[in-house]
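Comments concern the structure below.
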Amino acid sequence: MTTETQPLVAAESNIFAQIDELGHEQVVFCHDRHTGLKAIIAIHNTVLGPAMGGTRMWAYSSESAALEDALRLARGMTFKNAMAGLHLGGGKAVIIGDARKMKTEALLRMYGKFIKNLNGKYITAEDMGMTERDMEDIAQETSYVAGLPEYRGGSGSPSGMTALGTYVGMKAAAKKAFGTDSLEGKTIAVQGVGSVGEILIEYLSKEHAKIYVTDVFEERVKKIASRFNVIVVGTEEIYDVPADIYSPCAMGATINDNTLERLKAQVIAGCANNQLADEDIHGTACMRKGITYVPDFVINSGGVINIATEIAGSYNRAWATAKTEEIYDRVMQVLTVAEQQQRNAQVVATELAWQRIQNIARIKATY
Ligand code: NAD
0 MTTETQPLVA
10 AESNIFAQID
20 ELGHEQVVFC
30 HDRHTGLKAI
40 IAIHNTVLGP
50 AMGGTRMWAY
60 SSESAALEDA
70 LRLARGMTFK
80 NAMAGLHLGG
90 GKAVIIGDAR
100 KMKTEALLRM
110 YGKFIKNLNG
120 KYITAEDMGM
130 TERDMEDIAQ
140 ETSYVAGLPE
150 YRGGSGSPSG
160 MTALGTYVGM
170 KAAAKKAFGT
180 DSLEGKTIAV
190 QGVGSVGEIL
200 IEYLSKEHAK
210 IYVTDVFEER
220 VKKIASRFNV
230 IVVGTEEIYD
240 VPADIYSPCA
250 MGATINDNTL
260 ERLKAQVIAG
270 CANNQLADED
280 IHGTACMRKG
290 ITYVPDFVIN
300 SGGVINIATE
310 IAGSYNRAWA
320 TAKTEEIYDR
330 VMQVLTVAEQ
340 QQRNAQVVAT
350 ELAWQRIQNI
360 ARIKATY
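Following numbering that gives the first Met the number 0, the numbering of the sequence shown begins with 0 at its first residue and continues without gaps.
As C-alpha cells, then:
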C-alpha cells in the first residue's frame, strides 16, 4: 500500500533513468515461462532506418547487467550503422541464459515472435552465443532477421567482412602513424584469435607482419600456430610485448589505466566492441600518449555492412566487400579530424555519426 509521500514505483528500479541517459526510443522485455525465455530488445535510434543489431545470448550475472549490456550495445550500433553509411538505426538484444544449456528451437521461435510483433522496428542477426543456424529458427516466426546461412540466401557469418574492415582500417591508421600503410615488418599483437582474429591474421601474414597472438583457449592458439608463423604469448603478456600495433579482437574494456601504462604500441586497431574502458578518459589518454586509436565502431563495421546487403534485398558479396573497403577512408577521415582538432578520436567519430543522423532527420522533417 502506498501513501501520498511514497512513490508508486520504487526508485531503485531506475530503468527509465538509464534509458533516458543513453537516449533510447524503446526497450522491450520479453518473457515466456514455458520456454524460459527472458530477453531484452533495446531500440536506440531509428532516424536512419529500422534498428539493426545482433542478439547476444549470455549467462549474465544479473538482470541489471543484461539490461545495461543491451542498452550500451544498442547505442553503439546507432553510431556504427551511421558511420558505415547504412540506412539502419541502432538496436541490440540480449537473451539471458547459458546458450549451451538453454537454447532450444522453441525458445528461439518464441523470441522470433516478439521480434515479429515489433513490425520491423528492430531487425536481428547473430552475436555472441548465437549462430547462423539459430537465425533460421528465428526466421520461422519473423522475416525481421538477417545473417541467415548462405544456402538460405543469407549473408552467412559476418566475421570475414569484419576482419577485412579491421585489416583496411589498421592500414589506414598505420599510414597516419608511420607514414606508410604497408604492414610489412610491423609488429602486431593480436588479442583473441576467434572467428575474426583468425582471418585478420591471414591478412597480416600475407603482408609479412611479425605477429604476437594470445587467447584464453589453448586449442585456438594451437590452431593458429599450426597455420601461421606467429609468436604465442600469455593473455597478460600481450600488453607488454614490443608491438607497433595492438589489435584487441576479444573482449571490451582492454584499454584502461592499467594497460595504457604497459602498451608500447603507437597504433590501436582491432575488432572488439567497446574497447575503451571509459570513452572520454581513455580515448583522451590515447591521444595524450601519442597513440593513434581507431574508434572501434568505425573499424569493426564490416560485419554489419555484410548483413545490411542482405537486408537491402538479396545478399551481394561484391557490394559488401566494396563498402567494407571504404572503412580505410572513413578511418582516415576520423583520424585526420581528430589530429587537426587535437581531440579524442572516439568522441570525434561519435560526433560525425550524430551529424549524419541529424542531417537525415532534417530531410525526413518535410514530406
Ligand atoms: P570469437 O568469440 O569468435 O573470438 C573471440 C576470441 O577471444 C575467442 O577465441 C576467445 O577465447 C578469446 N578471448 C576471450 N577472452 C580473452 C582474453 N581475456 N584474452 C585473450 N583472448 C580472449 O569472437 P569474434 O566473432 O572473433 O569477435 C571478436 C570481437 O569482435 C568481439 O568483441 C566481438 O563483439 C567483436 N565483433 C565481432 C564481429 C563479427 O563479425 N564477428 C563484428 C563486430 C565486432
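A virtual CB, placed ideally from N, CA and C, is assigned to each residue, including glycine.
Exercise. Near Asn315, which residues of its chain fall below 7 Å by C-beta distance, leaving aside the five closest residues on each side in sequence?
Worked result: The residue you call residue 315 lines up with position 316 of the sequence shown. Excluding sequence neighbours, Asn315 sits near Thr308.
Exercise. For Gln341, which three-state DSSP category applies?
Worked result: Counted from its first residue, the sequence shown places residue 341 at position 342. In this structure, Gln341 counts as coil in the three-state DSSP scheme.
Problem set entry | Boundaries (first-last residue) of the alpha helix (DSSP H) holding Ala69 | Along the sequence shown, one-based indexing puts residue 69 at 70. Glu62 to Met82 is the extent of the alpha helix (DSSP H) around Ala69.
For this session: Confirm the yes/no value for this check: CB of Cys285, any heavy atom of ligand 1, distance under 8 Å.
Result: Indexing the sequence shown from 1 puts residue 285 at position 286. Not under cutoff, so the answer is no.
Problem set entry | Backbone CA spacing between Ile198 and Gly159 [nearest angstrom] | On the sequence shown, position 199 is the one that residue 198 refers to. On the sequence shown, position 160 is the one that residue 159 refers to. About 6 Å.
Problem set entry | Any beta strand (DSSP E) of 3 or more consecutive residues that is wholly inside the segment 79 to 156 | 88 to 95
Exercise. Cβ of Gln190 versus every heavy atom of ligand 1: is any distance shorter than 8 Å?
Worked result: Taking the sequence shown and counting its residues from 1, one reaches residue 190 at position 191. Yes; taking the cut-off as 8 Å, the Cβ of Gln190 has a heavy atom of ligand 1 nearer than that.
For this session: Give me the Cα-Cα distance between Thr1 and Arg32, rounded to the nearest whole angstrom.
Result: Stepping through the sequence shown from its first residue, residue 1 is reached at position 2. Stepping through the sequence shown from its first residue, residue 32 is reached at position 33. Caution applies to Thr1, whose pLDDT of 42 falls short of 50 and renders its modelled position unreliable; the value that the coordinates give is listed next. Those two C-alpha atoms are separated by around 29 Å.
Exercise. Are Met56 and Met76 closer than 9 Å when you measure CB to CB?
Worked result: Within the sequence shown, the letter at position 57 stands for residue 56. Within the sequence shown, the letter at position 77 stands for residue 76. Cβ atoms of Met56 and Met76: not closer than 9 Å.
Problem set entry | DSSP beta-bridge partners of Cys29 | Position 30 of the sequence shown holds residue 29. Cys29 is bridged to Ala38.
Problem set entry | Own chain residues within Cβ distance below 7 Å of Ala58, not counting five before or after | Taking the first residue of the sequence shown as 1, we reach residue 58 at position 59. The residues are Gly96 and Asp97.
Problem set entry | Endpoints, the alpha helix (DSSP H) within which Thr320 is located | The residue given as residue 320 occupies position 321 in the sequence shown. For Thr320, the enclosing alpha helix (DSSP H) begins and ends at Arg316 to Glu324.
Problem set entry | Val195: CB within 8 Å of a non-hydrogen atom of ligand 1 | If you number the sequence shown from 1, residue 195 lands on position 196. Yes, the beta carbon of Val195 sits closer than 8 Å to at least one heavy atom of ligand 1.
Exercise. What's the C-alpha gap between Phe78 and Gly84?
Worked result: Sequence index remark: in the sequence shown, residue 78 carries index 79 (1-based). Sequence index remark: in the sequence shown, residue 84 carries index 85 (1-based). Their Cα atoms are separated by approximately 10 Å.
For this session: Can you tell me which of Tyr238, Gly191 and Arg132 puts its alpha carbon nearest to the alpha carbon of Glu217?
Result: Counting from 1 along the sequence shown, the entry for residue 217 is found at position 218. If we check each option's Cα against that of Glu217, Gly191 comes out closest.
Exercise. Buried or exposed: which applies to Gln354, given that a residue is buried once 16 or more other Cβ atoms fall within 10 Å of its Cβ?
Worked result: As a first step, residue 354 is located in the sequence shown; it is residue number 355 there, counting from the start. Counting Cβ neighbours within 10 Å, Gln354 comes out exposed, since fewer than 16 surround it.
Problem set entry | Assigned exposure category for Thr4 - 16 Cβ within 10 Å defines buried | To locate residue 4, count along the sequence shown from 1; it is residue 5. Model confidence at Thr4 stands at a pLDDT of 49, short of 50, so the residue's coordinates are unreliable and nothing is read from them.
For this session: Decide if the segment 207 to 224 is in contact with the segment 154 to 168; the criterion is three or more beta carbon pairs, one per stretch, under 8 Å apart.
Result: no
For this session: Compute the minimum distance between the beta carbon of Asp243 and the heavy atoms of ligand 1, and state whether it is under 8 Å.
Result: The residue labelled residue 243 in the question sits at position 244 within the sequence shown. Checking the Cβ of Asp243 against ligand 1 gives no.
Exercise. When you compare only the Cα positions, how much space is there between Ile359 and Ala64?
Worked result: Here residue 359 is taken as the residue at index 360 of the sequence shown, counted from 1. Here residue 64 is taken as the residue at index 65 of the sequence shown, counted from 1. Rounded to whole angstroms, Ile359 to Ala64 spans 33 Å at the Cα level.
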